[in-house]
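Structure first, commentary second.
There are 2 protein chains.
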Amino acid sequence: MARALSHFHGKSTLSLSKPNPYRPSSSSSTFRPMMVAMAQTISYWASIEADVEAHLKTAIPIRRPVAVFEPMHHLVFAAPKTKAPALCIAVCELVGGDRAQAMAAASALHLMHSAAHTHEHLPLTDRPNPKPMVHHAYGPNIELLTGDGILPFGFELLARSVDPGQDNAKRVLRVIVEITRAIGSQGMIHGQYQELQGVQSNEWWVENVCKKKEGELHACGAACGAILGGGSEEEIEKLRKFGLYVGMIEGILNVVAGNKKGLMEIGDRLRVMAMKELENLNGRNVEPISSLVEASLCNV
Amino acid sequence: MARALSHFHGKSTLSLSKPNPYRPSSSSSTFRPMMVAMAQTISYWASIEADVEAHLKTAIPIRRPVAVFEPMHHLVFAAPKTKAPALCIAVCELVGGDRAQAMAAASALHLMHSAAHTHEHLPLTDRPNPKPMVHHAYGPNIELLTGDGILPFGFELLARSVDPGQDNAKRVLRVIVEITRAIGSQGMIHGQYQELQGVQSNEWWVENVCKKKEGELHACGAACGAILGGGSEEEIEKLRKFGLYVGMIEGILNVVAGNKKGLMEIGDRLRVMAMKELENLNGRNVEPISSLVEASLCNV
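Here's what the structure looks like:
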């Protein structure tokens, strides 16, 4: 993996106040054995995911009213993870920011996803494409209400992450708008509408639904990380597109039951487009986030 | 009504840059016939409601994707109105702010309420207390998704109301937190949980549910109006409590089918408590908002 990515390596210009044990050093990794580099990248993602989970566990303790917070706690952690929160943090670090700056946004992204996941699996009478069976720990009414409670909690976490010492109010407000659009009627909700009306065998349809659902969430995650970490407007837009392709690949992997040739071709095309977005991020260490695309495609 | 409220009238200290045709003048209304004062108050509320509706109609045009925005438009305007948005604007004006400063928050409050109303009437298999029959213009799936789309749109409207010229980013962020709490797991959602588990014949239960549902939404509306209009912390808290009682009275009126003696007594008590909160708002013209409590009780 490290060899395949060697043409993306540039000298890192990030000035870290203290050594970051999770961030692979681009200047030395090309000389290490491939297995070491892979282990380093994997531990980088694992450390981000562990930090986001720890942050969420502190943010959602099981407190009174228990009847409300116990299902909330359960459904937030029962939802399958996406790469959007980790991408948000990795991109923030990539553009020179600190992990803590993107933690609330990353947590909010998982909260939004878990609310959507909960509602998406509610047993409704008119779902034309029944979702795969999932275990329902609660009745539909509680799951509906819990999803409705998780969403505003995500925005509360975000709005409360404003720190006068960092003067980040404008960035946080911009991130709130980014997230409302990604999960709203022109983003994830649009994808869910399309899903209601389509047929899964059509590859164009799968690509389009994945673009609106997983694509927009990951695009948003990457853009938010870049905004919060202080990236340039050009970097924000390139990383947003990279995130879009990462999310679409993730979405396609979720849909593909077997190895459909057409979807594999879409996956290959998206991978090339994703890597293209990382080409001109001069002086940024893109290795950690480019591994997302490689790892995804290993499974197609 | 004007006579009953005359002890609340003080000389208005509000400095308006231009005459406000909607705001009753406290210095002259006590000398006018009661009918004129009532008509003036009614037209004040009607003008606020018309302004909020016009703002929402501009904010939610029926645009592409029509399959998404048409149900959104319909369900936002089909939801019965609450007084929370109008209270938000009236309080903003009461503490010396302009109507435009509270317009996004007032619109967001109606959006949050309409999302909750839509979800509250979804036909789920495990609702122990069936809601009164409502007309469903769409299937459950579309109504679920539309509610999920309305909520982030409300936060988007709010976050985008930041105006560098007004330097209002901190106030808007505070209002976002206020609204997330009012509609979230310790506010409206908590009330809906209680509603699932309770029995309507118990008056304590009715009062508690109304406190968490309509109470918190109106308390939030009043507090947001005071924050955005530049009220003092003391004014914000007094007006928040006033809003709480206004909302609880509205909630109780929604529950009462006949004239239940116990609920009438609760209504009377809340009315006294609401008016008490307006007593020490020195120099503020409280007549418009105090009429909310009087008007509510006329129907009990």
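Residue numbers (numbering that gives the first Met the number 0), protein chains in the order written: chain A, 0 to 299; chain B, 0 to 299. Glycine residues also receive a C-beta, built at the ideal position from the N, C-alpha and C atoms. Bear in mind that the values here come from a model prediction, so they are computed numbers and not experimental data.
Per-residue DSSP class, three states only, for residue i
| i | result |
| --- | --- |
| K82/A | coil |
| S106/B | helix |
| D267/B | helix |
| L15/A | Residue confidence for L15/A is low, a pLDDT of 31 falling below 50, so the modelled location carries little weight; the figure read from the coordinates is stated next. It is coil, neither helix nor strand. |
| N207/A | helix |
| Y137/A | coil |
| H189/B | helix |
| P287/B | helix |
| S184/B | coil |
| G261/B | helix |
| H387/B | The structure shown does not extend to residue 387/B, since chain B is modelled only from 0 to 299, so the question has no answer here. |
| E93/A | Reading off the sequence shown, one finds Leu at residue 93/A, where the question assumed Glu. Helix, per DSSP. |
| A293/B | Looking at the sequence provided, one finds Glu at residue 293/B rather than Ala. Residue state, collapsed to three classes: helix. |
| E177/B | helix |
| E278/B | coil |
| L195/A | helix |
| L172/A | helix |
Minimum Cβ-Cβ distance from residue i to chain A less than 8 Å
| i | result |
| --- | --- |
| Q170/B | Just to set this straight, residue 170/B is Arg in the shown sequence, not Gln. Answer no: the Cβ-Cβ gap between R170/B and chain A never drops below 8 Å. |
| T179/B | yes |
| G96/B | no |
| L123/B | yes |
Under 9 Å by beta carbon: chain A residues contacting residue i
| i | result |
| --- | --- |
| N207/B | Going along chain A, no residue has its Cβ under 9 Å from N207/B, so there is no contact; the nearest lies around 11 Å. |
| P64/B | S184, Q185, H189, Y192 and Q193 |
Residue-level contact to chain B via CB, residue i, 8 Å cutoff
| i | result |
| --- | --- |
| G148/A | yes |
| R159/A | yes |
| H112/A | no |
| H118/A | yes |
| L74/A | no |
| N284/A | no |
Where residue i meets chain A, residues with beta-carbon distance less than 7 Å
| i | result |
| --- | --- |
| Q191/B | L144 |
Proximal chain B residues relative to residue i, where beta-carbon distance stays under 7 Å
| i | result |
| --- | --- |
| S184/A | V67, F68, M71, G148 and F152 |
| L195/A | N140 |
Residues that residue i contacts on chain A, provided the C-beta gap is smaller than 8 Å
| i | result |
| --- | --- |
| P60/B | Within chain A, no residue comes near P60/B; the closest Cβ sits about 12 Å away, beyond 8 Å. |
Residue i CB to nearest heavy atom of the ligand FAD below 7 Å
| i | result |
| --- | --- |
| H134/A | The ligand FAD is absent from the structure shown, which contains no ligand whatsoever. |
Within chain B, the residues that residue i reaches when beta carbons sit closer than 8 Å
| i | result |
| --- | --- |
| E215/A | The contacting residues do not exist; E215/A stays about 12 Å from chain B at best. |
| E155/A | I175, V176, T179, R180 and G183 |
Unbroken alpha helix (DSSP H) runs of length 4 or more, entirely within the stretch 47-79 of chain B: which are they? 65-77
In the stretch 139-167 of chain B, which residue ranges form an unbroken beta strand (DSSP E) of at least 3 residues, counting only runs that do not cross its ends? none
Runs of 3 residues minimum, wholly inside the stretch 210-254 of chain B: which ones carry the beta strand (DSSP E) assignment? none
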